[in-house]
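**Student:** Please see the structure below; I have some questions.
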Amino acid sequence: MTLRLEKRGAVGWIIFDQPAKRNALNDAMWRGIAPAMQKFDADPEVRCVAFRGAGTEAFSAGADISEFDKNRASQESVGQYDTLLDQVLHAIQDSRKPSLAMIYGYCLGGGLEIALACDLRYCAASAQFGIPAAKLGLAYNVEGHKRLLETVGHARAREIMFLGRRYNAEEALAMGIVHKVLPTESLDGFVTDVLQDLVDNAPLSIANSKTIIEEYVKSLGTPDAARMRSAIDRCAKSEDYREGRRAFMEKRKPRFTGR
Ligand code: COA
């Protein structure tokens, strides 16, 4: 297992820690992500979850190709692998807490898939992005395609998948893959500030927007109106909503509790 979990203040960090392999994700790492998300979800002290790779050479170079013969070769094992990946993506997307990917260096294949499942993505100028499935003859999974499509649109998704090439940080910014590109030495500080905003802002307000946006970007089927309504209701009748209004009137910083 080379997944490292750290709690820093109100931020839960999930760190891919296999730098000798450019933080490639082995089977144990994939299996560890959903439980890690669930752990942070259940922890009332954690307000948001952030992903990064160990070091600055890679966020993650994708699934650990050295294990493919063992765990992603037969039709049956590919199915099992995709089910596992779906569980990981849903654990991130369905979490009520906002998630962020801080990206140095390579962000490829499954690494990009995880980054795209996060709510926010910030990268260093050194970052490189791509999904080289077509270069491996690999059938990229359904949920990964769906998220890519939602993020970059079908024309760009076709190019990314068909060509399997790598894109630099500025190209990724133009495609909407990342929100901002920072000089390498500024990324940590910038992300720290963003995470502080996520920590300070009203959890139910963020969860409400996350729910509604997730429902609307579902490209298949109709958004679940009841789910969105209940997220609105939960936020609308919260103590935090009252506290936010009061704090504004009293010209002070609100103290949000998530209730
Ligand atoms: N799975 C397993 N091992 C990986 C890996 C992956 N996805 N990505 C990199 N590694 C390993 C390399 O095999 C190499 O191992 P070695 O030192 O035992 O030879 C080590 O990490 C360093 O990689 P290397 O290729 O020497 O580094 P680089 O800086 O020149 O290139 C990459 C980095 C990421 C561009 C290149 O390694 C690469 O293309 N990796 C595969 C990416 C990929 O196809 N991902 C999608 C998987 S679905």
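Under the numbering used here, the first residue of the sequence shown is numbered -18, with each subsequent residue one higher. Built from N, CA and C at the ideal position, the CB exists for glycine as well.
Apart from the five residues on each side of it in sequence, which residues of its chain come closer than 8 Å, Cβ to Cβ, to Gly(-10)?
**Tutor:** By 1-based counting over the sequence shown, the position of residue -10 is 9. Contacts found: Val180.
**Student:** Buried or exposed: which applies to Lys191, given that a residue is buried once 16 or more other Cβ atoms fall within 10 Å of its Cβ?
**Tutor:** Sequence index remark: in the sequence shown, residue 191 carries index 210 (1-based). Flag for Lys191 reads buried.
**Student:** Using DSSP with H/G/I as helix, E/B as strand and the rest coil, what is Ile(-5)?
**Tutor:** Along the sequence shown, read from residue 1 onward, the residue named residue -5 stands at position 14. Here Ile(-5) sits in strand by DSSP.
**Student:** Whole angstroms is fine: what's the gap from Arg139's alpha carbon to Glu124's?
**Tutor:** If you number the sequence shown from 1, residue 139 lands on position 158. If you number the sequence shown from 1, residue 124 lands on position 143. About 15 Å.
**Student:** Hey, would you say the C-beta of Ser47 is under 7 Å away from at least one heavy atom of the ligand COA?
**Tutor:** Within the sequence shown, residue 47 is the residue found at index 66, counting from 1. Correct: Ser47 has its Cβ closer than 7 Å to the ligand COA.
**Student:** So if DSSP puts Met248 in a beta bridge, which residue, or which two residues, is it bridged to?
**Tutor:** Residue 248 lies beyond the stretch modelled for the chain, which goes from -18 to 240, so this question has no answer here.
**Student:** Buried or exposed, going by whether 16 or more other CB atoms sit within 10 Å of the CB of Ile187?
**Tutor:** To locate residue 187, count along the sequence shown from 1; it is residue 206. Counting Cβ neighbours within 10 Å, Ile187 comes out buried, since at least 16 surround it.
**Student:** Between which residues of its own chain and Phe171 is the CB-CB distance below 7 Å, once the five residues before and five after are set aside?
**Tutor:** Within the sequence shown, numbered from 1, the residue matching residue 171 stands at position 190. Once the five neighbours on either side are set aside, the close Cβ partners of Phe171 are Tyr103, Leu163.
**Student:** State yes or no: is the C-beta of Lys199 nearer than 7 Å to some heavy atom of the ligand COA?
**Tutor:** Counting from 1 along the sequence shown, the entry for residue 199 is found at position 218. With a cut-off of 7 Å, the C-beta of Lys199 is classified as distant from the ligand COA, since no heavy atom of the ligand falls inside that distance.
**Student:** Which residue wins for smallest C-alpha separation from Ile329, given the options Ser41, Glu131, Ile141, Arg208?
**Tutor:** A query on residue 329 cannot be resolved here, the shown segment of the chain reaching from -18 to 240 and no further.
**Student:** What is the DSSP secondary structure of Ser58, counted as helix, strand or coil?
**Tutor:** As a working mapping, residue 58 is identified with position 77 in the sequence shown. Residue state, collapsed to three classes: helix.
**Student:** Give the range of the alpha helix (DSSP H) segment to which Glu94 is assigned.
**Tutor:** Start at 1 with the first residue of the sequence shown, and residue 94 comes out as number 113. Run containing Glu94: 91 to 98, per the alpha helix (DSSP H) assignment.
**Student:** Quick check: what's the CA-CA separation for Phe110 versus Leu93?
**Tutor:** Residue 110 sits at position 129 when you count from the first residue of the sequence shown. Residue 93 sits at position 112 when you count from the first residue of the sequence shown. Annotation: Phe110 to Leu93 spans about 7 Å, alpha carbon to alpha carbon.
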